[in-house]
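Asks:
So this is what it looks like as structure tokens:
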């Protein structure tokens with residue numbers, strides 16, 4: 137579970153639990169600071185090690201470039217000239233490679249290392265400084281408060297063969313890096329999208345939090361107490377001692393439960409490191425204001441306790457407002473505060489109700505939007521003029537003037553109608569999805585599979601009042617129509633979820649925790665739009681165990697984890713033109729060593745180990761032993777080529793089978809499946825797949841269903 141959100145209302149209470157929450161946030165900041173510091177240190181070590189590698193590589197390249205190939209006779213042969221030029225070319229290649237590596241290191245330093253260190257010092261460091269400042273202010277404040285209340289106390293040829301083997305190893309290393317980069321390209325794009333979405337949600341959440349903080353600062357009394365059944369805050373409790381010691385005052389955090397009239401008191405001192413003492417509970421019989429002429433005792437209360445007859449407990453509040461608050465909470469004689477029990481209404485002056493008039497307006501507005509502006513760009517996002525929107529809503533919820541047909545009336549443009557419809561839904565005394573079911577709707581959006589989310593929301597929708605469900609069904613059917621025209625109006629299901637999430641469902645109280653749930657509101661609305669036909673068309677049946685589908689293997693992980701190591705091959709050959717019986721294949725090992733286009737990086741098939749993977753293992757074993765390097769290269773080339781021909785032959789046989797078999801094999805679904813990626817197929821039990829062949833990804837098949845091709849989990853179907 138993540139960190140608890142820090143509510144502004146708890147700042148006024150400053151309870152021990154709130155202090156514990158702050159400590160957990162501060163601990164997380166310290167942990168992040170240490171992590172970034174270690175990451176920066178490791179990054180610097182990596183850069184330094186890379187610099188040493190660059191120096192070694194450059195020295196090696198220089199040695200290659202300075203090497204002069206001696207020959208016997210008065211001229212070099214073409215082979216000798218080629219070898220000499222190859223050494224010079226490889227020397228230049230290494231120099232260029234190290235130039236790029238140095239450029240990459242500089243970019244990493246400027247774009248990653250320095251911003252990380254700057255963030256740690258400026259952002260996390262400033263938070264640490266603010267924490268120290270806050271602790272000093274806390275100490276100063278409580279000292280001043282107690283003071284105010286008067287309570288203080290080798291040969292050339294073998295060497296050349298080894299050089300060729302070394303070149304092959306180097307090229308294999310960088311070719312593997314290239315293929316790994318391609319494999320991770322999907323994850324990088326997905327990560328970029330996730331970062332963008334998270335940033336957008338963070339910006340929206342931050343705006344909402346600052347708006348909430350501004351409202352609380354304007355009227356803090358309305359938000360100070362968050363519970364209707366109890367009152368909380370700090371009180372100084374007088375502890376009497378036998379003579380001649382007199383009495384002392386101890387600060388305690390008190391919680392008064394109104395119905396049982398029980399007062400729970402916890403000893404807590406901010407200056408002692410925030411340690412909590414034992415809890416003491418007493419039952420109140422009466423509470424009266426203590427009469428005294430002393431200025432520093434003017435906020436005292438005398439509490440008579442039922443548990444100890446004849447015993448009076450004297451407590452002192454922190455201020456006059458606090459004094460009135462506790463008198464009112466405990467049933468004292470002073471008048472009740474005027475700030476308790478108020479509610480904050482975002483939409484004042486509009487008497488919108490979920491009645492026949494409202495239902496008529498919803499139908500009228502939907503009909504007008506679908507008739508006049510279903511393809512307008514930014515539909516529901518582009519807002520109308522506020523004064524016109526207010527005027528139209530007042531007109532449409534008035535029984536005497538609501539007979540205007542908006543689909544033919546040119547006086548009101550489409551953006552005014554859409555804004556009015558949203559304003560009507562926000563102005564209802566209770567949102568369409570009700571306060572009572574808010575937490576129930578949010579819960580499935582926070583976890584579970586797509587099927588379980590849809591099923592839970594399906595059941596909850598049918599718990600709504602009939603009129604709420606009717607209006608919600610009309611609206612979501614309309615939103616599905618809008619999303620169907622997203623190529624023109626740009627309003628996808630996700631965009632509509634952002635617009636209508638806070639409109640259709642909202643919490644009864646504005647808190648930071650509620651703001652954090654905004655993204656889950658959007659998810660709920662997206663599910664309702666996508667599944668509206670099923671949710672509103674069918675009544676959920678009684679709960680039944682149903683079919684238990686086996687666990688699906690992750691398609692995305694299998695591509696990376698099961699991919700064999702790639703070997704670099706400088707030349708390409710069309711395998712379809714190579715015959716297994718061709719005499720050229722086995723007769724010339726030099727041609728065979730460069731003639732294979734089939735990389736060892738070919739993906740695994742559905743069963744067995746591909747010949748490329750096995751050959752590659754033998755190649756590495758040969759390179760790592762003390763055999764002749766020339767023999768290693770020849771053996772590796774011949775094995776690579778044989779692997780390529782084997783695959784080409786098997787592919788040719790598969791094609792013939794596909795032609796004679798009438799489009800491949802067929803399979804039937806034995807479990808239902810919901811696609812988690814656009815490359816997968818969704819299906820129900822009994823679905824028949826055609827042209828089913830093993831996929832290159834382990835655990836998956838490729839097939840066709842209703843004209844659409846895609847991936848199928850292998851353990852979800854039976855072959856026919």
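Numbering (this note's numbering), first residue to last: 137 to 856.
We put the CB at the ideal spot given by N, CA and C, even for glycine.
(1) Give a yes or no on whether the C-beta atoms belonging to residue 608 and residue 568 are separated by under 9 Å.
(2) With a threshold of 16 other CB atoms inside 10 Å of the CB of residue 577, please say whether the residue is buried or exposed.
(3) For residue 383, I'd like the list of residues in its chain whose CB is within less than 7 Å of its CB, leaving aside the five on either flank, ordered along the chain.
(4) Please confirm whether residue 162 and residue 267 have their CB atoms less than 9 Å apart.
(5) Can you give the Cα-Cα distance for residue 217 and residue 225, rounded to whole angstroms?
(6) With a cut-off of 8 Å, do at least 3 Cβ pairs link the stretch 602-618 to the stretch 488-507?
(7) So, under 8 Å CB-CB, residue 821 and residue 854 are touching, yes? Tell me the CB distance rounded to an integer number of Å.
(8) The alpha helix (DSSP H) spanning residue 554 covers which residue range?
(9) Within a Cβ cutoff of 6 Å, which residues of the same chain sit near residue 622, ignoring the five residues on either side of it in sequence?
(10) Which same chain residues end up closer than 6 Å to residue 263 when comparing Cβ atoms and leaving out the 5 residues on each side of it in sequence?
(11) To the nearest angstrom, how far is the alpha carbon of residue 399 from that of residue 526?
(12) Hey, how far is the Cα of residue 641 from the Cα of residue 397?
(13) According to DSSP, is residue 775 helix, strand or coil?
(14) Using C-beta distances below 7 Å, list every residue in its chain close to residue 402, excluding the 5 sequence neighbours before and after it, in chain order.
(15) Nearest CA to the CA of residue 602: which residue from 491, 202, 801, 461?
(16) DSSP three-state label for residue 313, please.
(17) At a cut of 8 Å, does the stretch 582-594 reach the stretch 501-521 through at least three beta carbon pairs?
(18) Can you tell me the Cβ-Cβ gap for residue 423 and residue 439, rounded? I've got them flagged as a contact below 8 Å.
(19) Determine the extent of the beta strand (DSSP E) in which residue 510 is found, giving its start and end residues.
(20) Once DSSP output is grouped into helix, strand and coil, what is the label at residue 536?
(21) Grab the span of the alpha helix (DSSP H) containing residue 349 for me, first residue to last.
(22) Check the DSSP bridge columns for residue 849 and list the partner residues they point to.
(23) What do you get for residue 532, buried or exposed, if any count of 16 or more other CB atoms within 10 angstroms of its CB means buried?
(24) Would you tell me roughly how many angstroms separate the C-alpha atoms of residue 349 and residue 308, rounded to the nearest one?
(25) Please say whether residue 282 and residue 647 have beta carbons closer to each other than 9 Å?
(26) In whole angstroms, what separates the C-alpha of residue 146 from that of residue 140?
(27) What distance in whole Å lies between the Cβ atoms of residue 371 and residue 452, which are believed to be in contact at a cut-off of 8 Å?
(28) Using CA atoms only, rank isn't needed, just tell me which of 149, 636, 824 is closest to residue 366.
(29) Residue 667: which of 487, 558, 593 sits nearest, CA to CA?
(30) On the three-pair Cβ rule with 8 Å, is the stretch 234-243 touching the stretch 188-208?
(31) If I measure Cβ to Cβ from residue 676 and keep anything under 8 Å in the same chain, skipping five residues before and after, which residues do I get?
(32) Could you say which of 315, 178, 298 lies nearest to residue 249 if we only look at CA atoms?
(33) List the DSSP bridge partners of residue 675.
(34) What does residue 876 pair with, by DSSP beta-bridge criteria?
(35) Spatial neighbours of residue 671 within its chain, please: C-beta separation below 6 Å, excluding the five flanking residues on both sides.
(36) Whole angstroms are fine: how far does the CA of residue 311 sit from the CA of residue 837?
Replies: Let's see:
(1) As a first step, residue 608 must be located in the chain shown, where it is residue number 472. As a first step, residue 568 must be located in the chain shown, where it is residue number 432. In contact: residue 608 and residue 568 (Cβ atoms closer than 9 Å).
(2) As a first step, residue 577 is located in the chain shown; it is residue number 441 there, counting from the start. Residue 577 comes out buried.
(3) On the chain shown, position 247 is the one that residue 383 refers to. Answer for residue 383: 374, 375, 376, 377, listed in chain order.
(4) The residue labelled residue 162 in the question sits at position 26 within the chain shown. The residue labelled residue 267 in the question sits at position 131 within the chain shown. Cβ atoms of residue 162 and residue 267: closer than 9 Å.
(5) Taking the first residue of the chain shown as position 1, residue 217 is located at position 81. Taking the first residue of the chain shown as position 1, residue 225 is located at position 89. Approximately 12 Å, taken between the alpha carbons.
(6) They touch, by the three-pair rule.
(7) Locating residue 821 in the chain shown gives position 685, where the first residue counts as 1. Locating residue 854 in the chain shown gives position 718, where the first residue counts as 1. With a beta-carbon spacing of about 11 Å, residue 821 and residue 854 fall beyond the 8 Å limit used to define contacts.
(8) Position 418 of the chain shown holds residue 554. Where residue 554 is concerned, the enclosing alpha helix (DSSP H) stretches over 550-563.
(9) On the chain shown, position 486 is the one that residue 622 refers to. Answer for residue 622: 628, listed in chain order.
(10) Taking the first residue of the chain shown as 1, we reach residue 263 at position 127. Counting only Cβ-Cβ distances below 6 Å, and skipping sequence neighbours, we find 165.
(11) Within the chain shown, the letter at position 263 stands for residue 399. Within the chain shown, the letter at position 390 stands for residue 526. Spanning the alpha carbons of residue 399 and residue 526 requires a straight line of approximately 49 Å.
(12) In the chain shown, the residue the question calls residue 641 occupies position 505. In the chain shown, the residue the question calls residue 397 occupies position 261. The C-alpha of residue 397 is placed about 35 Å away from the C-alpha of residue 641.
(13) Here the question's residue 775 lines up with position 639 in the chain shown. For residue 775, the predicted model reports a pLDDT of 40, less than 50, meaning its position is unreliable; a value from the coordinates is still stated below. Helix.
(14) By 1-based counting over the chain shown, the position of residue 402 is 266. Within the same chain, and ignoring the five residues on either side of residue 402 in sequence, the residues whose Cβ sits closer than 7 Å to its Cβ are 152, 388, 389, 412, 413, 415.
(15) Start at 1 with the first residue of the chain shown, and residue 602 comes out as number 466. Of 491, 202, 801, 461, the residue nearest in Cα terms is 491.
(16) In the chain shown, the residue the question calls residue 313 occupies position 177. DSSP places residue 313 in helix when its eight states are reduced to three.
(17) Contact between the stretch 582-594 and the stretch 501-521 is absent, because fewer than three Cβ pairs lie under 8 Å.
(18) Here residue 423 corresponds to residue number 287 of the chain shown, with the count starting at 1. Here residue 439 corresponds to residue number 303 of the chain shown, with the count starting at 1. About 5 Å; that satisfies the 8 Å criterion.
(19) As a working note, residue 510 is residue 374 in the chain shown. Here residue 510 belongs to no beta strand (DSSP E), and DSSP marks it neither H nor E.
(20) Translated into positions along the chain shown, residue 536 becomes position 400. In the structure shown, residue 536 sits in coil (DSSP, three-state: anything other than H, G, I, E or B).
(21) Start at 1 with the first residue of the chain shown, and residue 349 comes out as number 213. Residues 321-354.
(22) On the chain shown, residue 849 is found 713 positions in, with the first residue counted as 1. Looking at the DSSP assignment, residue 849 forms a beta bridge with 836.
(23) In the chain shown, residue 532 corresponds to position 396, counting from 1. By the neighbour-count definition (other C-beta atoms within 10 Å, threshold 16), residue 532 is a buried residue.
(24) Counted from its first residue, the chain shown places residue 349 at position 213. Counted from its first residue, the chain shown places residue 308 at position 172. Answer to the nearest angstrom: the Cα atoms are 58 Å apart.
(25) Translated into the one-based positions of the chain shown, residue 647 becomes position 511. Translated into the one-based positions of the chain shown, residue 282 becomes position 146. No, the pair does not count as a contact, with Cβ atoms beyond the cut-off.
(26) Residue numbering aside, residue 146 sits at position 10 when the chain shown is read from its first letter. Residue numbering aside, residue 140 sits at position 4 when the chain shown is read from its first letter. Whole-angstrom Cα-Cα distance: 12 Å.
(27) Taking the first residue of the chain shown as 1, we reach residue 452 at position 316. Taking the first residue of the chain shown as 1, we reach residue 371 at position 235. So it is a contact: roughly 7 Å between Cβ atoms.
(28) The sequence position of residue 366 within the chain shown is 230, counting from 1. Closest option to residue 366, Cα to Cα, is 149.
(29) For the purposes of this step, residue 667 is taken as the residue at position 531 of the chain shown. Of 487, 558, 593, the residue nearest in Cα terms is 593.
(30) Taking 8 Å as the limit for Cβ pairs, the verdict is that the stretch 188-208 does touch the stretch 234-243.
(31) Numbered from its first residue, the chain shown carries residue 676 at position 540. Within the same chain, residue 676 has close Cβ partners 591, 594, 595, 598.
(32) As a working note, residue 249 is residue 113 in the chain shown. Among 315, 178, 298, the Cα nearest to that of residue 249 belongs to 178.
(33) The residue labelled residue 675 in the question sits at position 539 within the chain shown. Bridge pairing for residue 675: absent [DSSP].
(34) Outside the displayed span of the chain (137 to 856) sits residue 876, for which this structure offers no information.
(35) Your numbering for residue 671 matches position 535 in the chain shown. Excluding sequence neighbours, residue 671 sits near 594, 597.
(36) The residue you call residue 837 lines up with position 701 of the chain shown. The residue you call residue 311 lines up with position 175 of the chain shown. Computed Cα separation, rounded: 28 Å.
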